[in-house]
Amino acid sequence: MGLLSEGSPLDWEETKKYADHVRKHGVKQFINLYHKLKNRPCDVLKWGDEIEYILIKLDHTKKKAAVLLKASDLLPVLQKEENENPSENPTAWRPEYAAYMIEGTPGKPYGGLFAHFNVVEANMKLRREELQKLLDRENGETCLSLTSFPRLGCPNFSIPTHEPNPTATGVSKSLFFPDDAIFSDHPRFRTLTKNIRSRRGEKVSINIPVFKDTHTKTPFVEKFPNDHDGEGARAALPDHIYMDAMGFGMGSCCLQLTFQACNIDEAKFLYDQLTPMCPILLALTASAPIYRGLLSDVDCRWYVISSSVDCRTKEERGEEPLKNNRFRISKSRYDSVDSYLSPDNSKFNDVDLVMDEELCKEMIDGGVDVLLARHVAHLFIRDPVSLFSEKIHQDDKNDSDHFENIQSTNWQTMRFKPPPVNSDIGWRVEFRPMEVQLTDFENAAFVVFMVLLTRTILTYKLNFVIPVSQVDANMHESHNRDAARNGKFHFRKDIHSRSGDANDVSSLMDINTIINGGTAEDGTEFPGLIPLINSYMATIEDADVDTRCTISQYFKLLSDRASGRLKTTARWMRDFVDKHPAYKHDSVISEEINYDLMRTCVDIMEGKVEGAAGMLNTLESKSADEIPESMIGTKDLQINGAVLNCF
């Protein structure tokens, strides 16, 4: 969601005037934060998830499904209890980019008790129930934890229906995505949309390869009747699905997870260790194979959302000589991590890190360690793309909005998060690549797996770090169809070692080997992440039976997805479309196919489809609303056999 400052938004021409001011003072604010908090005493483990939901309306008479632009009506009701009981309410709700999206989180973070793993799914169910009870089920209204609505951008994809505005007066100028589908009750979202387009000098351009089925047009070339200035025709690539608005990316949903670390060093350590896991979890959670009513040749949303906020100019993209801009920039501001933060891992930073050298020197001279200074200086090659007039002049010792302005609009696979000014929150890392799943069981399974993986990493001092260039290659691999089954990923061979040649620490492995254990392509035996986590859990005292049972069921799901015994959501969707009697094998997802797909997704969410056609092995767990009284006051999770009150 990012920084939700209030105030009067500035357009791009006004924002541009203050870009250097924001960068200069943002770095000063970071230096002040760093010195104030770098020696912060040990913090306890706290963690929590974020789930984004899409509001859907099913017209059972006409057999149509559409997104429901109702978020602004529901949010005040959902937030009422939280506002009245800010530290006690079990759920919290926030706006998201689209008028059909809402973000839900636990009302307060989870902690270090083993039993916390057994309340995650129950809290997710509570969130869904709170949202669902505000919708008119009799009239076909529902909510789905769905990564991408298949017919987003098609005619009449929303209720109420609105026409796109591709003229100069439009916010996005999209041929497909109406401005009315952008959440309008906070100025951040429309401001970002317009300013990203204005900074780029043209509309964003998203081209995703179309899946070439037996009757798909070859070459696949579309004509756009309302493309009066020809920009769409020039930007659209043959054999690709063309999209032209921020809403196609930021209007998709994901599952994110934030951990509070013990201190700054541990936060950097976790940031580094989880970076190579990002492509693996992206492939395992793949659930977005359809865009603008067309079956694509990728399974994930990441490149769609990356392109949807790509504000780089032609100069910055390398299409024209540098003249008005400062840097050639290889990636969008929404992309994968470019550097590790811990000194031990510096030799694996093998891609050129474009950075603001002057700001980097200022941070180093100001006492910030070199790798962290380089990381922030890399983020700060970007301009602010959303600025409020009331926030221009700040107290750099007591404010951090300028820092967060640029930090929160660099949407990378991992985010390193300093403590907010004057708060009791510690150093955190955010794990951002996962695609949201249809059921609370699945989402809880991936969350619990990732949290337990961090505890296992810390306990056994595991090392997953590989060259950044290989992580980038893995990100490309993770998008491919059925990457979870068929992809080959660079992964570290000896995860117990801190030494090794940077060019020879990894081997190609499939995800089954990484998750369940097996033999890498070079013959190396890899133990598997689930067996390692099980070994860690065997050392935990006071672990209750119900929580162990729930975790076992979660791990069964992940193990079977990794081995190919169960399908990813993306593969299940492809098979559903392929078998639908109305599908003409032309890559087109008609209204009828989309309706049946969405209706079946609702049934799966509600537990009505047994087995979900090879996607799920169970929907049952022993998740509970509360931690048993007998568990309260028991020991926190253990590392190296010693109970730690800080992680």
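So for the sequence shown, the working numbering puts the first residue at 492; every next one is plus one. No residue lacks a Cβ here, since even glycine has one placed at the ideal position from N, Cα and C.
- Looking at the backbone, the Cα of aspartate 550 and that of glycine 631 are separated by about 6 Å.
- Here alanine 724 is exposed: its Cβ has fewer than 16 other Cβ atoms, across all protein chains shown, within 10 Å.
- Rounded to the nearest whole angstrom, the C-alpha separation of asparagine 901 and alanine 672 is 23 Å.
- Residue nearest to serine 665 within the set Pro1022, Gly602, Phe739 and Gln1044 is Phe739 (criterion: CA-CA distance).
- When C-beta atoms of the region 832-840 are compared with those of the region 950-958, three or more pairs fall below 8 Å, so the two segments count as touching.
- Residue Phe702 holds the alpha-carbon nearest to the alpha-carbon of histidine 731 among Lys555, Thr1060 and Phe702.
- When C-beta atoms of the region 640-658 are compared with those of the region 667-685, three or more pairs fall below 8 Å, so the two segments count as touching.
- When the beta-carbon positions are compared, tryptophan 584 and isoleucine 755 stay at least 8 Å from each other.
- In this structure, the straight-line span from the alpha carbon of leucine 863 to that of leucine 850 is close to 12 Å.
- His607 is the residue among His607, Gln961 and Gly991 whose C-alpha sits nearest the C-alpha of valine 938.
- Spatial neighbours of glutamine 623 in its own chain (CB-CB distance under 8 Å, excluding positions within 5 residues in sequence) are listed in chain order as Thr633 and Cys634.
- Pairing leucine 546 with valine 558 gives a Cβ-Cβ distance under 8 Å.
- When beta bridges are read from the DSSP output, aspartate 886 appears opposite no residue.
- Following the DSSP letters along the chain, one finds leucine 850 inside the alpha helix (DSSP H) bounded by residues 848-856.
- Assigned with DSSP and collapsed to three states, tryptophan 918 falls in coil, not helix or strand.
- The shortest CA-to-CA distance from isoleucine 593 to any of Leu604, Leu626, Glu612 and Gly603 is the one to Leu626.
- Under the three-state reduction of DSSP output, aspartate 730 falls in the coil class, being neither helix nor strand.
- By DSSP's assignment, alanine 556 forms a beta bridge with Leu549.
- Pairing cysteine 744 with threonine 638 gives a Cβ-Cβ distance under 8 Å.
- Counting C-beta atoms within 10 angstroms of its own C-beta, aspartate 790 has 16 or more neighbours from the protein chains shown and is therefore classed as buried.
- Beta-bridge annotation (DSSP): aspartate 826 is paired with Gln903.
- Around the beta carbon of aspartate 534, 16 or more other beta carbons lie within 10 angstroms, which makes this residue buried.
- Between asparagine 717 and proline 657, the C-beta gap is smaller than 8 Å, which places the two residues in contact.
- Leaving aside the five residues that flank serine 797 on each side, the residues in its chain whose CB is nearer than 6 Å to its CB run, in chain order, Ser823, Tyr825 and Asp826.
- Lysine 685 is positioned such that its CB atom lies closer than 8 Å to that of aspartate 502.
- Under DSSP, the beta-bridge partners assigned to glycine 595 are Ile542 and Trp584.
- Contact between the region 872-888 and the region 674-692 is present: three or more C-beta pairs spanning the two stretches fall below 8 Å.
- Per the coordinates, the alpha-carbon of serine 880 lies some 18 Å from the alpha-carbon of arginine 690.
- In chain order, Asp676 place their CB closer than 6 Å to the CB of serine 563, counting only its own chain and leaving out the 5 sequence neighbours on each side.
- Per DSSP, the beta bridge partners of arginine 983 are Ser997.
- In its chain, beyond the 5 residues on either side, Val535, Leu536 and Lys537 have a beta carbon closer than 7 Å to the beta carbon of glycine 602.
- Of the residues Ala510, Ser1026 and Thr707, the one whose Cα lies closest to the Cα of arginine 946 is Ser1026.
- Here DSSP, grouped into helix, strand and coil, assigns valine 610 to coil.
- Comparing alpha carbon positions, the residue from Phe521, Arg619, Glu504 and Glu926 closest to isoleucine 897 is Phe521.
- Across the structure, aspartate 886 and glycine 517 are spaced so that their CA atoms are roughly 11 Å apart.
- About 5 Å separates the Cβ atoms of lysine 1058 and glycine 1105, confirming a contact at the 8 Å cut-off.
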